[in-house]
Structure formats: structure tokens, C-alpha cells
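**Student:** Encoded as C-alpha cells, here's the structure I'll be asking about.
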Amino acid sequence: MPELPEVEVVRSGLAPALVDATVSAVTVHDARALTRHPGSVEDFEHALRGARVVAVCRRGKFLWMPFTPTDGSDTARAVVAHLGMSGQMLLRASGAPVERHERIRLDIDHPDHGALAVVFADQRTFGSLALDPLLPTTDAAPGGFGADDATVPAQVAHIARDPLDPALDETRLRTLWARKRSAIKRVLLDQTVISGVGNIYADEALWGARIHPETPADALSARHATRLLAEVRSVLDKALAEGGTSFDAQYVNVNGQAGYFAHSLNAYGRGGEPCPRCDGELRREAFMNRSSHYCPRCQRRR
DNA sequence: CCCATCCCCTGTATGC
DNA sequence: TGCATACAGGGGATGG
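For what it's worth, full-length UniProt numbering labels the leading residue of the first sequence as 1, then goes sequentially.
Below is the structure:
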């Protein structure tokens, strides 16, 4: 469910409690939350117990937390988290009751904040935690937001940098867009081209740039591509400032609170309603097993 | 290689 | 009320 703004809200909420904290206990309630973990459940628990968290980082929709090894091995590893459609990372008081859909709990001790519980809860179980080795980035820039060294977890290496990353290679992005014949919306959702954009913000950015979602990416002019990237950044920035988009209790910050950006959506979820810009009727149609929302009047097919 | 389809899973809303 | 169906913000595997 969560896209870049929602994941960034979680990252920034976790960081003050997790950086410099030591993991005192690991409880795996449901092994399905470790399907992406390359080792066993026991390996996950054992490697994390006693580890000290060094940073909380994000690229696109992926989170990771590098930690100091406890077993004397020299391979640096990180806890990688992906929230999937319904994952939550919650900060709770130590000993707080088990949450609904709780899959994994990390008990931590922080030098300033004392004992806390970090709960990974996930209704639909598309999300996961994993331990993964850290690899050097190919461009020698920091791995992501919140990272101070040039490494990314192996599982994140194929994910492109996101629109808010200062190290995003815009030339590469424009080259990829200019080469792809697929619909621009599909390309926006391709996390190996640019990361962090999901169904909501793809629809919002295309609405903002007045581009029809089925426009072939290679048919976009340089001017359109510039406008689209600016709209992507703008909508992600605004959503982040509002604490993200919450339609229901699924997306919440680390304290269980909803964001406010759902009130600011112009196209997403508004099929049949008037376009806020031109008063035409917004349309909702099936797209890639999901839905696209756009205004056929001011987002003309070219 | 590129692209489109299908799959994983659970809960809620809707229609018959 | 009960049941079936569609749908939901994700990524990855797997075919053509």
C-alpha cells in the first residue's frame, strides 16, 4: 500500500528510536513475514539479537537498517523491510500487547529512550523483513535517504533511485523513458526505472502534468518529460508534508496515526466526479489489474 | 532483453 | 442474513 511518502514517514519516525539502539529480543510470530529472508528463522533471530542499529535508510519503497555484526563476521548486513500493500512498522512501549496482524517484534534498548518494542504488522502478508548483505552502490553515492555510506542491501540493488534522491541520474531516466514503448503509467510504476511511485501518485502526477496514462513513454516530448518529473516530485513532496495518504486504518505512521493527503487527491479514487481543473468527468478504468483515474478532457490521448 | 500476465494473502464493500 | 465476487496503495516469477 504505501508509496514513497508513506514509507518516508515511517523511516523518519523510526530513526530517532532505532539509531544506536540495541536489539534485546526477536520474536517471529509468523514465518511468512520472512519469505524474503535468505536464511532460516533461527538465523534471523540469532543474527539480530544483540545487534546495534546504525541508521534507518530508504530508497523508493524499501527501508533498511544497517547493524553492527554480533558474530564477528566481517560482512555488513542490514534488516531490509518492505511494507508491501498493508505492512506497518509501529513503535510501542516495551511489553505492549500483541498487535492485530503482528508478524515480528523486535525489543530494543535505546541509550536515551530506554526499552521499546518495534512491531512489524501486516494484514495481507505481502510485506516482509529480511537480513541482507550490504553491497557497494554502482555510482558511489549514498545508498539512499538516511544512508551515510555508499551501500545498499542486495535486494535493493536493482531498484532505481527515487525522485527525491539527489543522486538520481536524470539523464538515465530520460533515456529510459525515451526508449520505452509501454504506456507511461506502466513505466512510472516500474521500480527499476524510477522508484517510489505507486498507483496513487502515478495517477496524481499524470493528472498534474496533463498527460494521458496510456501515452507511450517514447511519445513524450522532452518538455512533457520535464513537466512529468516535476509533477512527480511535487506530488510526493506535498504528500510527505501531509503525512502521506490514508484511506483506511492500513497506512499509519509509527504511532498508528493516519496522514492527511487523501483530502488533496485530484484524480485518484474520484472516478465519476468533476475534474477539479476543467470540470470534465473524471474516469476510472481497469489498468494492469488495478485502476487508472484521469480526466479524458484535460489529459488528452495524443 | 522487453513486455504483459499471473500470483502471493486477507479484509472490506457491494450486489444478488 | 448469507453467499459470491470484486477490489485494495506491492514486487517478483514466468511466460511469450
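Beta carbons: idealized from backbone N, C-alpha and C, even for Gly.
#1: Let's test the definition: count the other Cβ atoms within 10 Å of the Cβ of Ser182 and tell me whether it reaches 16, buried, or not, exposed.
#2: Alpha carbons only, please: which of Thr138, Leu83, Ala150, Val118 is nearest the one belonging to Ser128?
#3: Could you tell me the alpha carbon to alpha carbon distance between Val252 and Glu6, rounded to whole angstroms?
#4: In angstroms with no decimal places, state the Cα-to-Cα distance between Asp248 and Tyr260.
#5: Kindly indicate which three-state DSSP category Gln250 falls into: helix, strand or coil?
#6: Would you check if there are 3 or more beta carbon pairs closer than 8 Å linking the segment 12–22 to the segment 54–64?
#7: Nearest to Pro166 by CA position, among Ala178, Ala93, Arg11, Ala147, is which residue?
#8: List the DSSP bridge partners of Phe145.
#9: Closest to Glu102 by CA distance: which of Asp203, Trp64, Gln123, Ala209 is it?
#10: On the three-state DSSP scale, how would you describe Leu131?
#11: Residues bridged to Thr68 by DSSP?
#12: Can you tell me whether DSSP reads Glu214 as helix, strand or coil?
#13: Would you decide whether Gln250 is buried or exposed? Buried here means 16 or more other CB atoms lie within 10 Å of its CB.
#14: Could you give the uninterrupted runs of the alpha helix (DSSP H) lying entirely in the segment 77–141, keeping only those of 4 residues or more?
#15: Does Ser86 pass the burial test, meaning 16 or more other C-beta atoms within 10 Å, or should it be called exposed?
#16: Which stretch, first to last residue, makes up the alpha helix (DSSP H) that contains Tyr260?
#17: Is it true that the CB of Asp132 sits closer than 8 Å to the CB of Val98?
#18: Can you list, in chain order, the residues of its chain whose CB lies under 6 Å from that of Arg36, leaving out five sequence neighbours each side?
#19: At 3 residues or longer, what runs of the beta strand (DSSP E) sit wholly inside the UniProt domain "FPG-type" (266–300)?
#20: With a cut-off of 8 Å on the beta carbons, I'd call Leu164 and Arg233 a contact; round off their distance for me.
#21: Hey, how far is the Cα of Glu231 from the Cα of Asn289?
#22: Could you give the first and the last residue of the continuous alpha helix (DSSP H) run that contains Ala31?
#23: Rounded to whole angstroms, what is the Cα-Cα separation between Ala25 and Thr137?
#24: Quick test of your reading: Val235 and Tyr201, contact by CB under 8 Å. State the CB separation rounded to the nearest angstrom.
#25: Of the choices Pro69, Trp207, Tyr268, whose alpha-carbon is the least far from that of Ala51?
**Tutor:** The short version:
#1: exposed
#2: Leu83
#3: 8 Å
#4: 11 Å
#5: coil
#6: yes
#7: Ala147
#8: Arg58
#9: Gln123
#10: strand
#11: Arg52
#12: coil
#13: buried
#14: none
#15: buried
#16: Looking at the DSSP string, Tyr260 is not in any alpha helix (DSSP H), and its letter there is neither H nor E.
#17: no
#18: Ser128, Ala130
#19: 283–287, 290–294
#20: 7 Å
#21: 24 Å
#22: That residue, Ala31, is in no alpha helix (DSSP H); it is neither H nor E in DSSP.
#23: 31 Å
#24: 5 Å
#25: Pro69
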